[in-house]
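Colleague: For reference, the structure I am asking about is given below.
Protein chains in written order, with this note's numbering: chain A, 383 to 548; chain B, 6 to 664.
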């Protein structure tokens, strides 16, 4: 970055720090001076930023947060992209530094197996459960439907012979 | 004096609550009518005293009585009157008082309007309602008392958080609480019925109006919160999968499933177990939500300032009610006699499918919200679960559900004809496909999922129209017949179609705003113009404007489309003197259901200011859809059957049963 840009950057950074102290909930994130010239790279940077957590904020992505750390991370992401990293490499770079906590989409590993697996599991288990219950009910009805011979006899005495035999 | 009156009124309400918790249950066990009817009086008196308490607190805020600790912490004498009133519930203690007020309100309404309920059921419902109320009265009196006084009254208060000084705060929490707490009635009905041992179609008919009313309020409450976040937080985002937002979504999902289950139970006396379980779960989720928001367990933009003691108390309440409710269910549910049978392909089957998907979606949100907590507690590892996770798990479930929506109302009860229904829905399928094609033609092929989403939403909307058309014979029968049938159609049929149309509108809004919204972030100097989606916005300069308790820095923009001036937009930043905080007030301009959105940033060293400009197509449909859903609920609520009540069977001749 050129000298005068860096100077402007510092002023803005200072202002942001002051603002962040004063207005923690005012969110106004990506600044024009952070944005990359190349729109494709900038688009990738924004998409990646939306997947990264601002670690000093309460549940915001670095794209949404105006904390100084978020700004630093946004600039870091853009630097990595300009250096030619792929999306995966940028994310891995940040995870290596900050841990899985920085990813808003949790990784798929042994610890998060239950997290990712529960939805399909619950759906399948629920479907099976319903199926089993439906079958059990149907067989229960079928079993109780038949009359005993005694009841059959009572029924015929009450109802009388069928019309064809009268 | 007034705070003490308020405090004492609350203690009296607790005393009444304790009486109401025990006496009516004894009365129902002994079949003693007088003891059971006592519940009516105590419920109404509880409402009176809690309302008195709430009024007392409101008076303290309105008169800026800073000797009361919560008023000092959350109010300021220069605040506009409306915000003095809304700051009553803009903090933990006051909002808990609002919570119990609504709890008492629903209890009072059952006491006053539940005259067509059998005496034992009514008594038990009011007793259970009272158990909940007493638990929360104790919580307030012991850990979150809004009436505590400061020994020396300070001269000025610390002001309400400026972000909360907004009309949205007037509407969002009360509606939300009407929803959350309204589901307590369904819970009470479920527990009372389990205690009673009797659950039948008539029970479902009694539960449905209360559940509908709560559901309507929760739908609009969540939508209001989303809209408020949208225009207040300055990014144009409307849902962040924040734990507190999830805490309100979960009861909504379970409540929707409950509503649909209750319909089946009322019509066919089936799905009893689902309905009772959902009634217990929905309120349990409300309680869990209360715990998550107020205990400090989760970090969130929303969370109240917290105290672990409160967290432990609420956790105890949770364990008691949820644990107790589910235990009672496990014990008594086997007693529930099996109701009407149905084939898997039938309206009941479709509603079971609906229940399955809604409950799984609810479970997904619950797991996603609590997992980081659990994992950290067990292994010490910290992970984050945010939007990207939910989009991958919750999204597909909703897509599957939306696909099924038009089928449900068209399937027959007991045994449905799926190919026949599919044939009748051909029009809807065609509309969906046309939608997909249309989007591809207009916007090109770079986004693959979005056109399908639009097609799906249009298909559901067309499906709702097909539903009504089938019922009234539109396009098949002469107009007179159609008109006659339409006026004779039960309002709940209209309600169904309207509500389903509403959810499709919301989905359409979400897809369009997210996919085809445009954004520009620029630093502008006065008299510079920027183009956005066919609009030209010229920056005319900054002015300072004083407000009642803030000074605003306002940026003036002129909006043009081509050569014609359409209007002015004035995004601003307000600096509040008391807390020295600044809020961002975005400027919005409606263009049909779309919006132009401007948000002001910081001034730069070279005299320019940073501005974020958005054009969000069809974004308003998101919230219009929620209002339409509420209207559907309202139509259903005004159905004749619900107002008149379950018909009483004619007295049977005296056949002595061999009991």
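The C-beta atom is built at its ideal place from N, Cα and C for all residues, glycine as well.
Let me see if you follow: with CB-CB separation under 8 Å, is residue 504 of chain A close to chain B or not?
Modeller: So yes, residue 504 of chain A belongs to the interface.
Colleague: So if I threshold CB-CB distances at 8 Å, which residues from the segment 339-353 of chain B count as touching chain A?
Modeller: For the segment 339-353 of chain B, which is checked against every Cβ of chain A, the residues closer than 8 Å are 343, 346, 349.
Colleague: Terminal residues of the continuous alpha helix (DSSP H) containing residue 486 of chain A?
Modeller: Where residue 486 of chain A is concerned, there is no enclosing alpha helix (DSSP H), given that its DSSP letter is neither H nor E.
Colleague: Report the partner residues of residue 362 of chain B according to the DSSP bridge assignment.
Modeller: DSSP output for residue 362 of chain B lists no bridge partner at all.
Colleague: Could you pull the start and end residues of the beta strand (DSSP E) that residue 522 of chain B belongs to?
Modeller: Unbroken run through residue 522 of chain B: none, as it is neither H nor E.
Colleague: Consult DSSP for residue 105 of chain B and reduce its assignment to one of helix, strand or coil.
Modeller: Helix at residue 105 of chain B.
Colleague: Tell me the DSSP secondary structure of residue 432 of chain A in three-state form.
Modeller: It is helical.
Colleague: Which whole-angstrom value is the C-beta distance of residue 355 of chain B and residue 413 of chain B, which I expect to be below 8 Å?
Modeller: With 8 Å as the limit, residue 355 of chain B and residue 413 of chain B qualify as a contact, their Cβ atoms being about 4 Å apart.
Colleague: Please list, in chain order, all residues of the same chain as residue 87 of chain B whose beta carbon is under 8 Å from its beta carbon, the five residues on each side excluded.
Modeller: Correct list, in chain order: 172, 175.
Colleague: Spell out whether any CB of chain A is found under 8 Å from the CB atom of residue 526 of chain B.
Modeller: By this cut-off, residue 526 of chain B is an interface position.
Colleague: Let me know the secondary structure DSSP gives residue 420 of chain B once reduced to three states.
Modeller: Coil.
Colleague: Alpha carbon to alpha carbon, what distance is there between residue 364 of chain B and residue 495 of chain A?
Modeller: Cα-Cα distance, rounded: 20 Å.
Colleague: In whole angstroms, give me the CA-to-CA distance for residue 169 of chain B and residue 189 of chain B.
Modeller: For residue 169 of chain B and residue 189 of chain B, the distance between alpha carbons rounds to 27 Å.
Colleague: What are the boundary residues of the alpha helix (DSSP H) that includes residue 192 of chain B?
Modeller: Segment 172-201, the alpha helix (DSSP H) holding residue 192 of chain B.
Colleague: Return the residue from the list B:58, B:33, B:177 that minimises the CA-CA distance to residue 125 of chain B.
Modeller: Checked all of B:58, B:33, B:177; the closest Cα to residue 125 of chain B is B:33.
Colleague: Considering just the uninterrupted stretch of the alpha helix (DSSP H) at residue 16 of chain B, what are its terminal residues?
Modeller: Residues 7-35.
Colleague: Can you tell me whether DSSP reads residue 150 of chain B as helix, strand or coil?
Modeller: Residue 150 of chain B: coil per DSSP, three-state reduction.
Colleague: Between the C-alpha atoms of residue 532 of chain B and residue 566 of chain B, what's the straight-line distance to the nearest angstrom?
Modeller: In a straight line, the C-alpha of residue 532 of chain B is about 17 Å away from that of residue 566 of chain B.
Colleague: Counting only beta-carbon separations shorter than 8 Å, does residue 142 of chain B have a partner in chain A?
Modeller: Chain A contact via Cβ: absent.
Colleague: What does a CB cutoff of less than 7 Å around residue 283 of chain B pick up in its chain, not counting 5 residues either side in sequence?
Modeller: 259, 262, 263, 266, listed in sequence order.
Colleague: Report yes if the C-beta distance between residue 638 of chain B and residue 437 of chain B is below 8 Å; otherwise report no.
Modeller: Taking 8 Å as the Cβ cut-off, residue 638 of chain B and residue 437 of chain B do not qualify as a contacting pair.
Colleague: Verify the CB distance criterion: does residue 541 of chain A have a CB-CB separation below 8 Å to chain B?
Modeller: Not closer than 8 Å to any Cβ of chain B, the Cβ of residue 541 of chain A fails to qualify, so no.
Colleague: So residue 486 of chain A contacts chain B; which residues on that side make the cut at Cβ distance below 7 Å?
Modeller: Result: 389, 391, 392, 393.
Colleague: Is residue 240 of chain B close to chain A? Criterion is C-beta to C-beta, closer than 8 Å.
Modeller: Yes, residue 240 of chain B counts as interfacial toward chain A.
Colleague: Do the segment 108-116 of chain B and the segment 606-619 of chain B meet, that is, are 3 or more Cβ pairs less than 8 Å apart?
Modeller: Taking 8 Å as the limit for Cβ pairs, the verdict is that the segment 606-619 of chain B does not touch the segment 108-116 of chain B.
Colleague: Which of the three DSSP states, helix, strand or coil, is assigned to residue 282 of chain B?
Modeller: Reduced to three states, the DSSP call for residue 282 of chain B is helix.
Colleague: Give me the residue from B:502, B:433, B:242 with the minimum Cα distance to residue 518 of chain B.
Modeller: The residue with the shortest Cα to Cα distance from residue 518 of chain B is B:242.
Colleague: Output the distance between the C-alpha atoms of residue 441 of chain A and residue 44 of chain B, rounded to the nearest integer angstrom.
Modeller: Roughly 45 Å between the two C-alpha positions.
Colleague: Taking the Cβ atom as the reference point for each residue, do residue 527 of chain B and residue 471 of chain B lie within a distance shorter than 8 Å?
Modeller: Taking 8 Å as the Cβ cut-off, residue 527 of chain B and residue 471 of chain B do not qualify as a contacting pair.
Colleague: In chain order, what residues of the same chain have a beta carbon less than 8 Å from the beta carbon of residue 320 of chain B, not counting five sequence neighbours either side?
Modeller: Closer than 8 Å at the Cβ level, and outside the excluded window around residue 320 of chain B, lie 296, 300.
Colleague: In terms of residue numbering, what span does the alpha helix (DSSP H) encompassing residue 570 of chain B cover?
Modeller: It is not in any alpha helix (DSSP H) - residue 570 of chain B instead sits in the beta strand (DSSP E) that spans 569-574.
Colleague: Just to confirm, are residue 511 of chain B and residue 597 of chain B a CB contact at a threshold of 8 Å?
Modeller: Cβ distance not < 8 Å, so residue 511 of chain B and residue 597 of chain B don't count as in contact.
Colleague: So, is residue 503 of chain A buried or exposed, given that buried needs 16 or more other C-beta atoms within 10 angstroms?
Modeller: Residue 503 of chain A should be labelled exposed.
Colleague: Quick check on residue 533 of chain A - is its C-beta less than 8 Å from some C-beta in chain B?
Modeller: Cβ-Cβ to chain B under 8 Å: no for residue 533 of chain A.
Colleague: State the CB to CB distance for the pair residue 79 of chain B and residue 165 of chain B, rounded to an integer number of angstroms; the pair is presumed to be in contact (CB under 8 Å).
Modeller: About 5 Å separates the two Cβ atoms, so the contact holds.
Colleague: When the cut-off is 8 Å and only beta carbons count, does residue 386 of chain B lie next to chain A?
Modeller: Chain A contact via Cβ: present.
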